[in-house]
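Just below is one structure, and these are the notes that go with it.
Number of protein chains: 2
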Amino acid sequence: RCFHFCKLPGRVMGIRLLRFTSVVIIVLLLVAGALTALLPTIKDDKLPNSRREPKTQSQSALDSFTLIMQTYNRTDLLLKLLNHYQAIPHLHKIIVVWNNIGEKTPEEMWNSLGPHPVPVVFKVQTVNRMRNRLQNFPDLETKAVLMMDDDTLVSAHDLAFAFSVWQQFPEHIVGFVPRKHISTPSGVYSYGSFELQNPGFGNGDQYSMVLIGAAFFHRGYLEDFQQQPEAVYALIDETQNCDDIAMNFLVAKHTGKPSGVFVKPVDIRNLEKDTNSGYSGMWHRAEHLLQRSYCVNKLVNIYDGMPLKYSNIMISQFGFPNYANHKNKM
Amino acid sequence: RCFHFCKLPGRVMGIRLLRFTSVVIIVLLLVAGALTALLPTIKDDKLPNSRREPKTQSQSALDSFTLIMQTYNRTDLLLKLLNHYQAIPHLHKIIVVWNNIGEKTPEEMWNSLGPHPVPVVFKVQTVNRMRNRLQNFPDLETKAVLMMDDDTLVSAHDLAFAFSVWQQFPEHIVGFVPRKHISTPSGVYSYGSFELQNPGFGNGDQYSMVLIGAAFFHRGYLEDFQQQPEAVYALIDETQNCDDIAMNFLVAKHTGKPSGVFVKPVDIRNLEKDTNSGYSGMWHRAEHLLQRSYCVNKLVNIYDGMPLKYSNIMISQFGFPNYANHKNKM
Chain A
1 RCFHFCKLPG RVMGIRLLRF TSVVIIVLLL VAGALTALLP TIKDDKLPNS RREPKTQSQS
61 ALDSFTLIMQ TYNRTDLLLK LLNHYQAIPH LHKIIVVWNN IGEKTPEEMW NSLGPHPVPV
121 VFKVQTVNRM RNRLQNFPDL ETKAVLMMDD DTLVSAHDLA FAFSVWQQFP EHIVGFVPRK
181 HISTPSGVYS YGSFELQNPG FGNGDQYSMV LIGAAFFHRG YLEDFQQQPE AVYALIDETQ
241 NCDDIAMNFL VAKHTGKPSG VFVKPVDIRN LEKDTNSGYS GMWHRAEHLL QRSYCVNKLV
301 NIYDGMPLKY SNIMISQFGF PNYANHKNKM
Chain B
1 RCFHFCKLPG RVMGIRLLRF TSVVIIVLLL VAGALTALLP TIKDDKLPNS RREPKTQSQS
61 ALDSFTLIMQ TYNRTDLLLK LLNHYQAIPH LHKIIVVWNN IGEKTPEEMW NSLGPHPVPV
121 VFKVQTVNRM RNRLQNFPDL ETKAVLMMDD DTLVSAHDLA FAFSVWQQFP EHIVGFVPRK
181 HISTPSGVYS YGSFELQNPG FGNGDQYSMV LIGAAFFHRG YLEDFQQQPE AVYALIDETQ
241 NCDDIAMNFL VAKHTGKPSG VFVKPVDIRN LEKDTNSGYS GMWHRAEHLL QRSYCVNKLV
301 NIYDGMPLKY SNIMISQFGF PNYANHKNKM
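Protein chains in written order, with the UniProt record's numbering: chain A, 1 to 330; chain B, 1 to 330.
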């Protein structure tokens, strides 16, 4: 029989076993806690009883884009468009460049009508400048920027497709509005669209610019834009125009290729007649087109040469809306 | 007075001057001869009284292409098509792959009806094989190959545009006939066109192949084709089909991207009903499409995987035939 001595190992072992088990349990709880912390957090602006799956806080920087929309005197259009654009697939965030100086942004109203699919940031400006939208916003987290005018509605299908095209041509401005310059015997350039004569490279037309008011481009070009000669900013400020032409010059210089890739839109609409503000866009000013020709020539001076190149590539989405768009007699 | 001694220098100088002058003249003649030899030679098949400017013997290998057209039992169509294709801009040479075994080529007739804009080479085959057209012909001098079926008429405008597109996408098959494969839950693939369900990547359709019977591609792929597993040749010979599917597999493996770029043709026609031979193409055989699905699955076996990738990029020529092809409400 084993009294004191025999019980001791048992009790010691028992205590050790107990301690060991406790330690194991505590470690397991800590690990479980750590794992839980790594799970995607539910976004703050979603109600807890939301039936939708919580979106991960940050979509891959390569698989999503940021919408930058500058707005002036058309808040009714802005809000209508935001309702549409907030739901575009692959959208990461919206940056609204608020050019209504001294006026409150609709942020409160926006928040009160949440939840929203993506965050919106209102960047309040101090001066009403056309080039405000070309700042290198620190809010940008994605490689791709989608820039839209505040009166332009492009369908979700068109945007999803154009984004996929941009991903294949990330150094170009991929968008829906092509324009061109032509040179004349005098050496003076002129700006225009299809109504201008074709540049004469074979048949059909050519374009040498894609306007940034409805286009995707790489955020790196916003950084580059900050490094341009002062004369470029002066030109844009003087005309309150031509920021898009300047961007096309920048991109063409950078790539040595045509700056843009034109994607033919299936459904693009200009909503400016729908505004209650009575404000119609800058392009209605009588001198608008003449200004743009003026800008082309000034930019050629500033950059000491004409970097724009022509392209006649027009991209459409195969089989959309239906296969009729590529059916032929074969 | 200076007799003997004085005359001597004069006579010597005179002789030396004479020699020197002769040498100079001879050297000048040699130089002139060398320069003449460097001038572009008039091509042999042009009549001396030709009013057209003689074309330089070799257009830049990058700025022109070689047409390869295989023909079987449709010589009337062949000759009709040659009249059209011989005049396509940027064409360097035509290679006719003569699959009419034992039959004389129309070379004599062709020559008697000269002059022609480009040289034509008739490659007489010993066996009637579908893959004869995929030989690495030593006659090829250009980087680009245009391969056409002997019953297909594509307009010059379409070809000029598609060639310019190929120059921007030289590692792809750039052509006018898109096709696709789809995978099924069983893992078995099926081959088809728009009638097959869309692969399900968003909306619209996708294509994963561009057929080589109406397409541009890099001659390097003909070299690559000679290095394929024997089983590929056996498959093509067994089916007398699928050489184009094999080429798409090859290109997709090589690039890791979609093999083809689809250019939407404005004017493409199939002339097979116009033939007097009564011979209609292979694709009328009952088993044609089933064979092609069979080929897709065999090739996946041979290459141990499915290298084909989907694309939905459709390219058209901006502003051709007229600006209506991109006009929109903006």
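All C-beta atoms in this analysis are idealised placements derived from N, C-alpha and C, irrespective of residue type, glycine included.
Practice prompt. Using a Cβ-Cβ cut-off of 8 Å, state whether A:H157 counts as contacting chain B.
Written response: Numbered from its first residue, the first sequence carries residue 157 of chain A at position 157. Taking Cβ atoms only, chain B reaches closer than 8 Å to A:H157, which makes this a yes.
Practice prompt. Note the first and the last residue of the continuous alpha helix (DSSP H) segment covering A:M247.
Written response: Indexing the first sequence from 1 puts residue 247 of chain A at position 247. Counting along the chain, the alpha helix (DSSP H) containing A:M247 begins and ends at 243-255.
Item to complete: For the region 160-186 of chain B, enumerate the residues whose C-beta is nearer than 9 Å to any C-beta of chain A, in chain order.
Response: A160, F161, S164, V165, Q168, F176, V177, P178
Discussion item. Taking 8 Å as the threshold (beta carbon to beta carbon), is A:N241 in contact with chain B?
Written reply: The residue labelled residue 241 of chain A in the question sits at position 241 within the first sequence. Judged by the 8 Å Cβ criterion, A:N241 is not in contact with chain B.
Worksheet entry | Proximal chain C residues relative to B:F262, where beta-carbon distance stays under 7 Å | Looking at the structure shown, chain C is missing, and the protein chains on hand are A and B.
Item to complete: Could you name the residues that DSSP lists as bridge partners for A:S190?
Response: What you label residue 190 of chain A is simply residue 190 of the first sequence in a count that begins at 1. Answer is A:I182.
Worksheet entry | When A:N111, A:N136, A:A61, A:Q197 are compared against A:I68, the one with the closest alpha-carbon | Indexing the first sequence from 1 puts residue 68 of chain A at position 68. When each option's Cα is compared against that of A:I68, the closest is A:N136.
Discussion item. Taking only three categories from DSSP, how would you classify B:I88?
Written reply: What you label residue 88 of chain B is simply residue 88 of the second sequence in a count that begins at 1. In the structure shown, B:I88 sits in coil (DSSP, three-state: anything other than H, G, I, E or B).
Worksheet item: Is A:F216 close to chain B, meaning its C-beta is less than 8 Å from at least one C-beta of that chain?
Response: The residue labelled residue 216 of chain A in the question sits at position 216 within the first sequence. Chain B contact via Cβ: absent.
Item to complete: Determine the closest residue to A:P229 out of A:A156, A:Y294, A:H218, A:M247, with distance taken between C-alpha atoms.
Response: Looking up residue 229 of chain A in the first sequence gives position 229. That would be A:M247, whose Cα lies nearest to the Cα of A:P229.
Practice prompt. State buried or exposed for A:I212, treating a residue as buried only when at least 16 other CB atoms are found within 10 Å of its CB.
Written response: By one-based count along the first sequence, residue 212 of chain A stands at place 212. The residue is buried, with at least 16 neighbouring Cβ atoms inside 10 Å.
Worksheet item: Since A:G175 and B:N312 are thought to touch, with beta carbons under 8 Å apart, how far apart are those beta carbons, to the nearest angstrom?
Response: The sequence position of residue 175 of chain A within the first sequence is 175, counting from 1. The sequence position of residue 312 of chain B within the second sequence is 312, counting from 1. Not confirmed; about 18 Å, so no contact.
Item to complete: Give the single residue among A:L91, A:K123, A:M109, A:G220 whose Cα lies nearest to the Cα of residue 339 of chain A.
Response: Coverage of chain A is limited to positions 1 through 330, which leaves residue 339 of chain A absent and any answer about it impossible.
Fill in: Segment limits, beta strand (DSSP E) that includes A:I268
If you number the first sequence from 1, residue 268 of chain A lands on position 268. 268-270 is the extent of the beta strand (DSSP E) around A:I268.
Discussion item. Please tell me whether A:M209 and A:N241 are closer than 8 Å, where the distance is taken between their beta carbons.
Written reply: By 1-based counting over the first sequence, the position of residue 209 of chain A is 209. By 1-based counting over the first sequence, the position of residue 241 of chain A is 241. No, they are not a contact pair.
Worksheet item: Going by DSSP, what residues sit across from B:Y294 in a beta bridge?
Response: Here residue 294 of chain B refers to the residue found at position 294 of the second sequence. Answer by DSSP bridge pairing: none, since B:Y294 is not bridged.
Worksheet item: Any residues in the region 203-237 of chain A with a beta carbon nearer than 9 Å to a beta carbon of chain B? Which ones, in chain order?
Response: N203, G204, D205, Q206, Y207, A214
Worksheet item: Based on the DSSP secondary-structure assignment, which residues constitute the bridge partners of B:L67?
Response: Counting from 1 along the second sequence, the entry for residue 67 of chain B is found at position 67. Per DSSP, B:I94, B:L146.
Worksheet item: When DSSP labels each residue in this structure, what does A:I173 get in the three-state scheme?
Response: The residue given as residue 173 of chain A occupies position 173 in the first sequence. Note: A:I173 maps to strand in three-state DSSP.
Fill in: Local Cβ density within 10 Å of A:V261, reported as buried at 16 or more and exposed below that
On the first sequence, residue 261 of chain A is found 261 positions in, with the first residue counted as 1. By the 10 Å Cβ count, A:V261 comes out buried.
Practice prompt. Kindly indicate the opening and closing residues of the beta strand (DSSP E) around B:A215.
Written response: Taking the first residue of the second sequence as position 1, residue 215 of chain B is located at position 215. Where B:A215 is concerned, the enclosing beta strand (DSSP E) stretches over 214-218.
Worksheet item: Would B:G200 pass as a contact of A:Q317 if the rule is Cβ separation under 8 Å?
Response: Start at 1 with the first residue of the second sequence, and residue 200 of chain B comes out as number 200. Start at 1 with the first residue of the first sequence, and residue 317 of chain A comes out as number 317. No, these two residues do not count as a Cβ contact at 8 Å.
Worksheet item: Can you name the residues of chain B whose CB is closer than 7 Å to the CB of A:F194?
Response: Looking up residue 194 of chain A in the first sequence gives position 194. Correct list: G319, Y323.
Worksheet entry | Alpha-carbon to alpha-carbon, B:R74 and B:N83 | Taking the second sequence and counting its residues from 1, one reaches residue 83 of chain B at position 83. Taking the second sequence and counting its residues from 1, one reaches residue 74 of chain B at position 74. Between B:N83 and B:R74, the C-alpha separation is close to 15 Å.
Discussion item. Does A:T105 come out as helix, strand or coil in the three-state DSSP assignment?
Written reply: Residue numbering aside, residue 105 of chain A sits at position 105 when the first sequence is read from its first letter. In the structure shown, A:T105 sits in coil (DSSP, three-state: anything other than H, G, I, E or B).
Item to complete: Could you name the residues of the same chain whose beta carbon sits closer than 6 Å to that of A:P258, not counting the 5 residues immediately before and after it, in chain order?
Response: As a working note, residue 258 of chain A is residue 258 in the first sequence. Taken in chain order, the residues that qualify are K309, S311.
Discussion item. Beta-carbon within less than 7 Å of A:P117's beta-carbon, same chain only, minus the 5 sequence neighbours each way: which residues are those?
Written reply: For the purposes of this step, residue 117 of chain A is identified with residue 117 of the first sequence, where counting begins at 1. Within the same chain, A:P117 has close Cβ partners Q86, A87.
Worksheet item: What does B:I313 pair with, by DSSP beta-bridge criteria?
Response: Within the second sequence, residue 313 of chain B is the residue found at index 313, counting from 1. Per DSSP, A:Q317.
Worksheet item: Is there a Cβ from chain A that is less than 8 Å from the Cβ of B:I245?
Response: Start at 1 with the first residue of the second sequence, and residue 245 of chain B comes out as number 245. No, because no Cβ of chain A sits closer than 8 Å to the Cβ of B:I245.
Worksheet item: With a Cβ-Cβ cutoff of 8 Å, do A:I315 and B:M314 count as a contact?
Response: Position 315 of the first sequence, counted from the first residue, corresponds to residue 315 of chain A. Position 314 of the second sequence, counted from the first residue, corresponds to residue 314 of chain B. For A:I315 and B:M314, yes; Cβs fall inside 8 Å.
Discussion item. Less than 8 Å between the beta carbons of B:N270 and B:T152, yes or no?
Written reply: Indexing the second sequence from 1 puts residue 270 of chain B at position 270. Indexing the second sequence from 1 puts residue 152 of chain B at position 152. Yes. Within cutoff.
Worksheet item: Name the DSSP beta bridge partners of A:M209, please?
Response: Working through the first sequence from its first residue, we reach residue 209 of chain A at position 209. DSSP lists A:R179 as partners of A:M209.
Worksheet item: When we look at the beta-carbon of A:R219 and count the other beta-carbons within 10 Å, is it buried (16 or more) or exposed?
Response: Within the first sequence, numbered from 1, the residue matching residue 219 of chain A stands at position 219. Counting Cβ neighbours within 10 Å, A:R219 comes out buried, since at least 16 surround it.
Worksheet item: Taking the alpha-carbon positions, what's the B:T239 to B:S277 distance?
Response: Here the question's residue 239 of chain B lines up with position 239 in the second sequence. Here the question's residue 277 of chain B lines up with position 277 in the second sequence. So the two alpha carbons sit approximately 23 Å from each other.
Discussion item. Just to confirm my understanding: we take A:I302, look at its own chain, exclude 5 residues before and 5 after, and list those with CB closer than 8 Å. What are they?
Written reply: On the first sequence, residue 302 of chain A is found 302 positions in, with the first residue counted as 1. So the qualifying residues of the chain are P229, A231, V232, L235.
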